[in-house]
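*Asks:* Read in order, the letters of the sequence shown correspond to residues 3 to 487 in our numbering. Note that the Cβ used here is the ideal one computed from N, Cα and C, for glycine as well. No experiment lies behind these values; they were computed from the predicted model shown.
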Amino acid sequence: MSKVTVEPDWFFHTAACLGQAASKLAVAVSRSSSDGGLMYSQKMAGNDARGSGWGTSYDAAAKIVLEGAASLAGAWSSMAQKVHQAGVNHQIYEWEAGRRGYPGPNAAPAQPPISSAVAHIPPSAVGDNGPGLDDFIPGLVEAVGEPCPNGDYEKLGRMAPAWTALGDAVNTSCSEWIAKIHRPDASMVDAVALYDTIMKLNEPANAIAGDAMKLASFTSTFGTAIHTFRERSTKAIDDLVLIIGVIGAAAALGTRIAGKKAIAIGGRLTAREVSQTGKEIGGFIRALEPVVASMRTFVTALNPAMQTLLSQTSIFPAESNELQPDGTWKKTIRYFSLEKWMAWQKYLLRGGDMDIDTWSDMYDRLEKNRDDGAAFDQHAADVMGYSKGTGWIPQFGAHKEDYDKVPVPGRHWDWANPATKELAEHKNGSLDFSQMAIDERVLDETDWTITYNLNANHQYTQKELDELERLEREYPGRFKKNWIN
Numbered sequence: 003m004s005k006v007t008v009e010p011d012w013f014f015h016t017a018a019c020l021g022q023a024a025s026k027l028a029v030a031v032s033r034s035s036s037d038g039g040l041m042y043s044q045k046m047a048g049n050d051a052r053g054s055g056w057g058t059s060y061d062a063a064a065k066i067v068l069e070g071a072a073s074l075a076g077a078w079s080s081m082a083q084k085v086h087q088a089g090v091n092h093q094i095y096e097w098e099a100g101r102r103g104y105p106g107p108n109a110a111p112a113q114p115p116i117s118s119a120v121a122h123i124p125p126s127a128v129g130d131n132g133p134g135l136d137d138f139i140p141g142l143v144e145a146v147g148e149p150c151p152n153g154d155y156e157k158l159g160r161m162a163p164a165w166t167a168l169g170d171a172v173n174t175s176c177s178e179w180i181a182k183i184h185r186p187d188a189s190m191v192d193a194v195a196l197y198d199t200i201m202k203l204n205e206p207a208n209a210i211a212g213d214a215m216k217l218a219s220f221t222s223t224f225g226t227a228i229h230t231f232r233e234r235s236t237k238a239i240d241d242l243v244l245i246i247g248v249i250g251a252a253a254a255l256g257t258r259i260a261g262k263k264a265i266a267i268g269g270r271l272t273a274r275e276v277s278q279t280g281k282e283i284g285g286f287i288r289a290l291e292p293v294v295a296s297m298r299t300f301v302t303a304l305n306p307a308m309q310t311l312l313s314q315t316s317i318f319p320a321e322s323n324e325l326q327p328d329g330t331w332k333k334t335i336r337y338f339s340l341e342k343w344m345a346w347q348k349y350l351l352r353g354g355d356m357d358i359d360t361w362s363d364m365y366d367r368l369e370k371n372r373d374d375g376a377a378f379d380q381h382a383a384d385v386m387g388y389s390k391g392t393g394w395i396p397q398f399g400a401h402k403e404d405y406d407k408v409p410v411p412g413r414h415w416d417w418a419n420p421a422t423k424e425l426a427e428h429k430n431g432s433l434d435f436s437q438m439a440i441d442e443r444v445l446d447e448t449d450w451t452i453t454y455n456l457n458a459n460h461q462y463t464q465k466e467l468d469e470l471e472r473l474e475r476e477y478p479g480r481f482k483k484n485w486i487n
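Structure, rendered in structure tokens:
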């Protein structure tokens, strides 16, 4: 009989690594598409022929990469929950089999945080910024022969750091967390299957990181090309008007070449001289074509097959056994997102008797209304399993009977479990920094833990994201955050 190696710690170590990787990436996705970074893309490419061609391709690629990064965070987070549950199952099995050397079924580490990242798609890069060349020298605009580029090189310059940061976040999650997951013993068949699934996610992860770096390069190159075009064109114009003794007539601005003042050329500049300068500027425009072509022909490494893999990894089979009118039982399987699957499991544990489709419809209606604070509170509580029946107290600290139980006075929390010294706060929208200051006092002065359940669909500010990350870094294992979709 072959020997079977049982290694429950493999499951919990692997789940923790996946949870950390997902959490770090979810923050990076939120940061890149929050009030800075990629959200400055509006009209940055302009709407001339070159700008529209470049910007249309950029918009499509940016959507694929951002949504891919959010899906990767979700896939890692879903795998973390699956692997953690498998570890719990192993602990229970080993305990029931009489192997008392293993921890009991209630000794499993805490579940990894839920990380549902939502990619807020940036505004289109294509848009009208006005004429790319002011009409301040009679005949010059006409002599150029086509609209001058009116892209905004200042906005383009902000994109490369944002894309680089996203690519770095994917690479860091892989190198610092996924790389720590080792292949389990071959006799642990279920663990090997989970490991193989996890490793398959490395291909889309590498593709997303590479695509983000490519977009950083494309935006930087196009912004530099637009800036160079304006500088060269400004010099050509200044050389033209120098003939008639005018110095510094043109200025290269963010979206156009502007005239510092109208030039009355009279008979001092010939049509031929203006035409030659116009043709020279036209040549500068055509020189942008290779830069535009590189973006226009770009195909993301994150292909449809990888996108499907990420999507499939993020869903869970949910089962329901329903009694039929004829007395037989019918087994129904539906595929849910991580949050919906967890909510279904909690519902079943509480003795719920709705059939799976009725419950699913009710859940979906609630989710549609999740922007309402009360609806989100209920949604988050369902996902996390907070209920009075499991020892949790709603609005903890708001009632007189709680006053002597709260860890610090002057604050109440959405939910708390005094027996386990856990506090939970649901954040549907903006964070309250005064509340967070009190929560930091709790972490400093007591041994309570605090969990923030955050609305993954809300665009948190850079300051809010930084503060969340700081608390998580300074109070590891005691300040936790979940991104609830």
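Output the distance between the C-alpha atoms of D154 and A121, rounded to the nearest integer angstrom.
*Replies:* Straight-line Cα distance between these residues: approximately 24 Å.
*Asks:* Tell me W415's beta-bridge partners as DSSP assigns them.
*Replies:* W415 pairs with F398.
*Asks:* Compare the C-alpha of A71 against each of G48, V31 and M81 and name the closest.
*Replies:* For the residues G48, V31 and M81, the minimum Cα distance to A71 belongs to V31.
*Asks:* Please list, in chain order, all residues of the same chain as I395 whose beta carbon is under 8 Å from its beta carbon, the five residues on each side excluded.
*Replies:* D404, W417, A418, N419 and P420, listed in sequence order.
*Asks:* Of the choices T16, A383 and E369, whose alpha-carbon is the least far from that of V90?
*Replies:* Nearest option by C-alpha distance: T16.
*Asks:* Could you round the C-beta distance between L467 and V29 to whole angstroms and report it? I think they count as a contact, below 8 Å.
*Replies:* Indeed they touch by this definition, with Cβ atoms about 6 Å apart.
*Asks:* Nearest by alpha-carbon distance to W485: which of F231, F338, C19 and K26 is it?
*Replies:* If we check each option's Cα against that of W485, K26 comes out closest.
*Asks:* Would you kindly report the start and end of the unbroken beta strand (DSSP E) that includes I225?
*Replies:* A small fix is needed here, since residue 225 is Gly in this sequence, not Ile. Element bounds for G225: not the beta strand (DSSP E) but the alpha helix (DSSP H), N204 to L244.
*Asks:* If you measure between the beta carbons of K237 and G129, is that distance less than 9 Å?
*Replies:* Not a contact, by the Cβ cut-off of 9 Å.
*Asks:* Pop quiz: G354 and W343 are said to be a contact at Cβ under 8 Å. What is the actual Cβ separation, rounded to whole angstroms?
*Replies:* With a Cβ gap of about 14 Å, G354 and W343 do not count as contacting.
*Asks:* CB-CB under 8 Å to M41, same chain, minus the five flanking residues each way: which ones, in chain order?
*Replies:* Counting only Cβ-Cβ distances below 8 Å, and skipping sequence neighbours, we find S35, H122, P124 and P125.
*Asks:* Starting from S155, trace the alpha helix (DSSP H) both ways and give me its first and last residue.
*Replies:* It should be noted that the sequence gives Tyr, not Ser, for residue 155. Looking at the DSSP string, the run of the alpha helix (DSSP H) that includes Y155 is Y155 to E178.
*Asks:* Taking M297 as the reference, give the member of G134, A218 and P409 with the closest Cα.
*Replies:* With distances taken between Cα atoms, M297 lies closest to A218.
*Asks:* Can the beta-carbon of K482 be found less than 9 Å from the beta-carbon of Y462?
*Replies:* Contact: no.
*Asks:* On the DSSP letters alone, give me the boundaries of the alpha helix (DSSP H) that T453 sits inside.
*Replies:* Run containing T453: none in the alpha helix (DSSP H); it sits in the beta strand (DSSP E), T451 to N457.
*Asks:* In its own chain, which residues sit with a C-beta less than 7 Å from the C-beta of G399, not counting the 5 before and 5 after it?
*Replies:* Contacts found: V408, R413, H414 and W415.
*Asks:* Report the option in K348, K465, A23 and I440 whose CA atom is closest to the CA atom of N173.
*Replies:* Answer by Cα proximity: A23.
*Asks:* Do D240 and I249 come within 9 Å of each other at the CB atom, strictly closer than that value?
*Replies:* The answer is yes: Cβ separation under 9 Å.
*Asks:* Which one or two residues does DSSP pair with K483 in a beta bridge?
*Replies:* Y454, per the DSSP bridge assignment.
*Asks:* Kindly indicate which residue of L433, T451, F435 and Q437 has the alpha-carbon position closest to the one of T422.
*Replies:* Of the candidates L433, T451, F435 and Q437, the one whose C-alpha sits nearest the C-alpha of T422 is T451.
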